Structures are given as C-alpha cells and as structure tokens.
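This report concerns only the one structure given below.
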Amino acid sequence: MAERIPHVVFVCARNGGKSQLAAALMRQAAGDAVAVTSAGTDPGTSLNALAVESLAELGIDVAGERPKPLTDDMVREADLVVVLGAEAHVDGDQDVAIETWITDEPSERGIDGMERMRLVRDDIRARVEELRARLGGVEGDPAAR
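Written out as structure tokens, the structure reads:
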C-alpha cells in the first residue's frame, strides 16, 4: 500500500502573491512528495507580475496558475493550512492544523519593486524548506537546493 502524502494548503488574502510563491516553491522543493494547493480568502483576478518574475528567476513557471477562493473542502482535506501574512484569516474550528507565517515586508523599510519581491520570495523559500524538512524526510528536486 502506498504511503499517504501530506497535503499543504497555502493561503493569503488575494492568492496572487505570497501563497502562490509558497506553493510554487514547495512544489519545486518537494516534488510529488507533498500535495500542494494555494488559495485566497478574497482572491484577486491575476497573479502579481513581480511574484511571477521572481519565480521565473528560479526556473519556476506558474503561467497556468490563477487566483482561486479558499473553500471549506480545501481546508478539510488538508493536513496543514499555512496562512501567509496578517490579512488572511482561516477558521480554526475545523480539525486541521493551521499555522501563520508573518512574512518579511520590505516595503515597511522603504524597499519596493523587484528588490522587495526577491526578499519576500527568499523569506518564504526559507520557510518552505523548513516545512519540507518537518514533513518528515520528504525528498524534493536536488536541483532546487
């Protein structure tokens, strides 16, 4: 019988930036060893262009991704829900582990544009790597390290 793989749902408010970054970075780091979904509590209409560009710098293509709403089913089916930033809120009444990542916000230090996005991406990337390790020996793409 095949071992069940962990399922992580990354959530932010708009599902156009941080949660998309986290999902793409986890897919790169863990490959098929982790099921990954991303969603927004108030999804926008498109991905953040700078987020897409920052992922492309790492060889990650998210061209087919679109913002999507968080559903009760997504939360129920997850082993872990990771909420990125302080804007999104997920109901903690359901029987699922929820953790919140208050990510770096370089704009608070006057850093904007692509420089800001790279710092946000790298902060999320470090957190994703730590989570991948916590998920228990999950092996990902060695080229991603």
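Counting from 1, position 130 in the sequence shown corresponds to residue 130 in full-length UniProt numbering; the numbering is continuous, with no gaps. Think of the CB as a built atom: it goes at the ideal place given N, C-alpha and C, for glycine as much as any other residue. Keep in mind it's a predicted model, so treat the numbers as computed, not measured.
> Which value, in whole angstroms, describes the spacing of the CA atoms of L47 and E53?
Replying inline: On the sequence shown, position 47 is the one that residue 47 refers to. On the sequence shown, position 53 is the one that residue 53 refers to. Taking the straight line joining both Cα atoms gives about 10 Å.
> Which residues bound the beta strand (DSSP E) around G40?
Replying inline: Here residue 40 corresponds to residue number 40 of the sequence shown, with the count starting at 1. Its beta strand (DSSP E) spans residues A35 to G40.
> Is A97 helix, strand or coil when you go by DSSP?
Replying inline: Indexing the sequence shown from 1 puts residue 97 at position 97. Strand at A97.
> Which whole-angstrom value is the C-beta distance of V82 and W101, which I expect to be below 8 Å?
Replying inline: In the sequence shown, the residue the question calls residue 82 occupies position 82. In the sequence shown, the residue the question calls residue 101 occupies position 101. Yes, V82 and W101 are in contact; Cβ-Cβ is about 6 Å, under 8 Å.
>> Classify D141: buried if its beta carbon has 16 or more other beta carbons within 10 angstroms, exposed otherwise.
In response: Here residue 141 corresponds to residue number 141 of the sequence shown, with the count starting at 1. Note on D141: pLDDT 43, under 50, position unreliable in the model; no value is reported.
> Under a three-way DSSP split, which group does L84 fall into?
Replying inline: Locating residue 84 in the sequence shown gives position 84, where the first residue counts as 1. When DSSP states are grouped into helix, strand and coil, L84 belongs to the strand group.
> Can you give the Cα-Cα distance for H7 and G31, rounded to whole angstroms?
Replying inline: Numbered from 1 along the sequence shown, position 7 holds the residue referred to as residue 7. Numbered from 1 along the sequence shown, position 31 holds the residue referred to as residue 31. If you draw a straight line from the Cα of H7 to the Cα of G31, it is about 12 Å long.
> What is the DSSP secondary structure of V52, counted as helix, strand or coil?
Replying inline: Locating residue 52 in the sequence shown gives position 52, counting from the first residue. In the structure shown, V52 falls within a helical segment according to DSSP collapsed to helix, strand and coil.
> Whose C-alpha, out of Q28, T71 and V62, is nearest the C-alpha of P43?
Replying inline: For this step, residue 43 is matched to residue 43 along the sequence shown. For P43, the closest alpha carbon among the candidates Q28, T71 and V62 is that of T71.
>> Am I right that E84 and A22 are in contact with their C-beta atoms under 8 Å? What's the rounded C-beta distance?
In response: Residue 84 sits at position 84 when you count from the first residue of the sequence shown. Residue 22 sits at position 22 when you count from the first residue of the sequence shown. It is Leu, not Glu, that sits at residue 84 in the sequence shown. Taking 8 Å as the upper bound for CB-CB distance, L84 and A22 are in contact here, some 6 Å apart.
> Any idea which residues DSSP pairs H7 with across the strands?
Replying inline: Working through the sequence shown from its first residue, we reach residue 7 at position 7. Assignment of beta-bridge partners to H7 by DSSP yields A35.
>> I believe Q28 touches V62 by the beta-carbon criterion, under 8 Å. Please report the beta-carbon distance rounded to the nearest angstrom.
In response: If you number the sequence shown from 1, residue 28 lands on position 28. If you number the sequence shown from 1, residue 62 lands on position 62. Taking 8 Å as the upper bound for CB-CB distance, Q28 and V62 are not in contact here, some 11 Å apart.
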